[in-house]
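Mapping the sequence shown onto the numbering used here, position 234 (from 1) lands on 234, and the numbers just tick up by one.
Structure first, then comments.
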Amino acid sequence: MASGKILTLLIVATLLALAGAWVVARSYRASMKRLMKTPLPAPSTATGQVSFAAAPPALAPAIPLTLADNRRAHLRLLLWFIGLTVLMSLLRTVITQLLAAAPITLKTVATLGAAYAWPVLPVFAVIGRWSRPRFVGAMLGWFVLAVLLLSWRTNENVSFAMVVKWMLFDTGLPLIVVTALCLGGATRAVGPWLAPLFMLFAGSSLLGLDLLAALIAGDGPFIHWLAATLNVTLAFALFALLPWLLAWWPARALGRWLALAYRQRRISELLYLFTAVWVIALVGPALGAIGELGWGALVVFLPLLCIPLGAAAMQRRADPAGARPPTLLALRVFQQDANVQDIFDRVIERWRLTGNTVLIAGTDLVDRTIDADDIFTFLDGRLGERFIGNPADVPRRLADFEWQRDVDGRYRVNECYCHDTTWQDALAALVRVSDVVLMDLRNFVAENKGCLHELQVLASTPKLARVVVLINDQTQLAPAQAIAASAPAGRFFWLRQQGTTPLATEQVLAPLFERDRGSAAG
1 MASGKILTLL
11 IVATLLALAG
21 AWVVARSYRA
31 SMKRLMKTPL
41 PAPSTATGQV
51 SFAAAPPALA
61 PAIPLTLADN
71 RRAHLRLLLW
81 FIGLTVLMSL
91 LRTVITQLLA
101 AAPITLKTVA
111 TLGAAYAWPV
121 LPVFAVIGRW
131 SRPRFVGAML
141 GWFVLAVLLL
151 SWRTNENVSF
161 AMVVKWMLFD
171 TGLPLIVVTA
181 LCLGGATRAV
191 GPWLAPLFML
201 FAGSSLLGLD
211 LLAALIAGDG
221 PFIHWLAATL
231 NVTLAFALFA
241 LLPWLLAWWP
251 ARALGRWLAL
261 AYRQRRISEL
271 LYLFTAVWVI
281 ALVGPALGAI
291 GELGWGALVV
301 FLPLLCIPLG
311 AAAMQRRADP
321 AGARPPTLLA
331 LRVFQQDANV
341 QDIFDRVIER
351 WRLTGNTVLI
361 AGTDLVDRTI
371 DADDIFTFLD
381 GRLGERFIGN
391 PADVPRRLAD
401 FEWQRDVDGR
411 YRVNECYCHD
421 TTWQDALAAL
431 VRVSDVVLMD
441 LRNFVAENKG
451 CLHELQVLAS
461 TPKLARVVVL
471 INDQTQLAPA
481 QAIAASAPAG
491 RFFWLRQQGT
501 TPLATEQVLA
511 PLFERDRGSA
521 AG
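The structure is reproduced here in structure tokens:
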């Protein structure tokens, strides 16, 4: 009975988190549009020059990094998650073998540990921004290999059908939950953060229905009055949803705690997702043991302790004293959602391994940049506080930026939320704190006046090392290059996309890292 309730709780919470993620992302995007268009009583002068009071302090020299450094950081991140996964899967194997009073041998631990190591795939999928079909294909491939490995290494008393059934139980439900909740756009960005809140809500509903069942079993006067007053459907709905009024307070507190922990860099998106996947993976073994062990089945979740210990070890790696990582400013033609999302997934996500990223927030990147702090600030009705209302707000917003490494070793994306009349002031400040710029001018036309203003600022701002401009056959190049002509020699690097095939990730990254070589425009 208990295992069935827990399984129901997991399924219901997942469905609610999916629906909630869609609603929150849609509402967040609509609120951003409304706030960006909100007229201000005292609009900015919009000169493109930030005032002395808003100018950032002098910056320490950026760490000289190369594309090879970025490759090594990428490999290091993948190997770190692989190592942590192997450790946790081996520990899970030992625990489950002890609970089953089964022999623990090197062969058993190695074989089962390999089969149980599948939680590394969702992390790879998020790092590489895999599509759902690609992730499902990778999981199915892992399933087939695991079945073949277990069939090869088990004795004759274990049939092939038993191995398949076992692996379906171990990976079937987790595959559905992880695919639905942890991948995609809004669901990946918002769903996992809402899942524990909806676990509280769904749990309160189960308790309410248990109370109704107890009242029915007691056959007291209250239940007779309830039956005479309400129909059956309404009574069930009342006992399922009324407890949400009580669950709201702990759910709200939990959401605020998650936002604070994220803001203070105690958790990161990747580690949170990794933890969530492992919790889902361990639910099955815990359900199998709960009948015999009761609360003792929680011992199955002991491998989760490896995550904070591993994160603490990883966080010890720091940047050299007195130096800072390079900062990338990302600019784009707005209302080109597919283009900018592709660049974010392939290029900016890789850049984050070795440097900071700053940009002006827009609805085109909501699914990529929204984080726990954004989500719960929005749910608290305080999204408007993030917006820059006048030039004096710029330093306040920049002071909130997170410049240090995250707990997983990557750097975060920092955004300025701007009204239509204040984005020029934010741009001027962002350029001054940036070392390099990636500007996506694919499909640019001369009517994109905002891009022309950005090019003017990029051309005139001192000490800016490199501006990599992505163009394609539809880009109206002449007006853009006319403005850029006033820039110091070698600052602008024009990178052309041939046809509809996007440029390779490292083809875009290379000129950003070669900013000190003075390479010619391409």
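Note that CB positions come from ideal geometry on N, CA and C, so glycine has one too.
Report the three-state DSSP secondary structure of Thr233 (helix, strand or coil). helix
When you compare each of Phe401, Pro488, Thr85, Gln476 to Cys306 by their alpha carbons, which one comes out closest? Thr85
Residue(s) in a DSSP beta bridge with Arg332: Bridge pairing for Arg332: Asp440 [DSSP].
Neighbourhood of Ile483 by C-beta, 7 Å cutoff - its chain only, sequence neighbours within 5 removed: Leu452, Leu455, Gln456, Ala459
Judging by CA-CA distance, which residue of Val283, Leu18, Pro285, Gln476 is the nearest neighbour of Thr179? Leu18
How about Leu304 and Leu282: do their beta carbons lie closer than 9 Å? yes
Continuous alpha helix (DSSP H) assignments of at least 4 residues falling wholly in the region 342–389: Runs found: 366–369, 372–379.
What residue does the alpha helix (DSSP H) around Asn70 start on, and which one ends it? 67–99
DSSP state of Val340 mapped onto helix, strand, coil: helix
Residue range of the alpha helix (DSSP H) that includes Ile483: 477–484
Could you tell me the boundaries of the beta strand (DSSP E) in which Arg466 lies? 466–471
Gly284 versus Ile290: straight-line alpha-carbon distance, rounded: 10 Å
My assumption, with CB atoms under 8 Å, is that Leu65 sits in contact with Pro326. Please give the rounded CB distance. 6 Å
Could you tell me the boundaries of the beta strand (DSSP E) in which Leu495 lies? First-last of the beta strand (DSSP E) with Leu495: 492–496.
Buried or exposed: Ala125, going by 16 or more other Cβ atoms within 10 Å of its Cβ? buried
In whole angstroms, what separates the C-alpha of Arg352 from that of Ile370? 15 Å
Alpha carbon of Met514 to alpha carbon of Ala161, nearest angstrom: With the sequence shown as reference, residue 514 is identified as Glu, and Met is not the correct amino acid for it. C-alpha of Glu514 to C-alpha of Ala161: approximately 56 Å in a straight line.
On the DSSP bridge assignment, give the partners of Thr327 in chain order. Asn356
C-alpha gap between Val232 and Ala114, whole angstroms: Approximately 50 Å, taken between the alpha carbons.
Is DSSP giving Tyr28 helix, strand or coil here? helix
Taking the alpha-carbon positions, what's the Trp423 to Val407 distance? 31 Å
Under 9 Å, do Asn70 and Arg346 count as touching if we go by C-beta distance? Going by C-beta atoms, Asn70 is not nearer than 9 Å to Arg346.
Cβ-Cβ distance between Leu77 and Gly499 below 9 Å: no
My output table needs one value for Tyr272: the three-state DSSP class, helix, strand or coil. helix
Which residue wins for smallest C-alpha separation from Tyr411, given the options Arg265, Arg92, Leu7? Relative to Tyr411, the option among Arg265, Arg92, Leu7 whose CA is nearest is Arg265.
For the alpha helix (DSSP H) containing Glu454, list its first residue and its last residue. From DSSP, the alpha helix (DSSP H) with Glu454 extends over 449–460.
Give me the residue from Ala311, Val136, Leu35, Arg263 with the minimum Cα distance to Ile176. Val136
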